[in-house]
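Going by the working numbering, the sequence shown runs without a break in its numbering and finishes at 953.
For every residue, glycine included, the Cβ atom is placed at its ideal position computed from N, Cα and C.
Model, not experiment: these values are computed from the prediction.
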Amino acid sequence: MNTLTQNSVPPALGPLVRYLDQLTERASLDELRRLLRESAVTLEDLRAFVRFDPMHYRRNLVAEGRWYNMLVLCWRSGQRSPIHDHAQSACAFKVLTGVCSETPYGFSPCGQVYPLQTTDQPAGAVVATQDADTHQVSNLQPAGHDLVTLHIYSPPLKLMQKFSITGENSGQWSEEEYLGGAGV
770 MNTLTQNSVP
780 PALGPLVRYL
790 DQLTERASLD
800 ELRRLLRESA
810 VTLEDLRAFV
820 RFDPMHYRRN
830 LVAEGRWYNM
840 LVLCWRSGQR
850 SPIHDHAQSA
860 CAFKVLTGVC
870 SETPYGFSPC
880 GQVYPLQTTD
890 QPAGAVVATQ
900 DADTHQVSNL
910 QPAGHDLVTL
920 HIYSPPLKLM
930 QKFSITGENS
940 GQWSEEEYLG
950 GAGV
């Protein structure tokens, strides 16, 4: 698996990677949001990490350190993440191409999840969430329109809860269940 080395970091990612490599604890969500917003990173900068799966969205590891994972997530039309939280991690992502539909979820008094709203995030938009914040990320664009996002997890997302509106397929997720990177 190819990952960035210090010599191969695209200039647009330089400040972000320097910040991440110097972490001695969990990253600040506000700082991740700021650095991603200020970053001029493009799809072309990360083209080597853009790989799709015909059945499910795909996670492609770009760089990692003790306190972070950086991944490019690739989504075909109709692909979506499970409804999930971020356990003990901060997560921020930038839309590189396409339109990302993000749906935060609330919890009813009986413990069931329900959607609060769906917001379409265009290319260049940054989304940030952490800990028990629960959401789903989707590519709801017409067929033939791909979505590519750059995600940062700090610390690396090793365990989280996933949820279902019907209650089926809810439970814990661990990184051993997936190939091609870590995180959702």
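By the C-beta criterion, the region 817-825 is judged not to be in contact with the region 874-892, since fewer than 3 inter-stretch pairs fall below 8 Å. D889 carries a strand assignment under DSSP once its states are collapsed to helix, strand and coil. Bridge pairing for F932: I852 [DSSP].
The straight-line gap separating the alpha-carbon atoms of T872 and A796 is approximately 24 Å. The region 835-851 and the region 882-902 do not touch, with fewer than three beta-carbon pairs separated by less than 8 Å.
For the options V786, L842, W836, the alpha carbon positioned closest to that of L830 is the one of L842.
Collapsing the DSSP output to three states places F821 in coil.
Of the residues Y922, T903, A892, the one whose Cα lies closest to the Cα of H914 is A892. CA-to-CA, the gap between T898 and L798 works out to about 8 Å.
The DSSP-derived three-state label of G834 is strand.
Boundaries cannot be given for E813, as no beta strand (DSSP E) includes it and DSSP labels it neither H nor E. DSSP lists H904 as the bridge partner or partners of P873. According to the DSSP assignment, L919 belongs to the beta strand (DSSP E) that extends over 916-923. Linking Q905 to T793 through their CA atoms gives a straight-line distance of about 29 Å.
The beta-carbon separation of A856 and L789, rounded to 19 Å, does not stay under the 8 Å limit for a contact. Only exposed fits T935, as fewer than 16 other CB atoms lie within 10 angstroms of its CB. For Y826, the three-state secondary structure derived from DSSP is coil.
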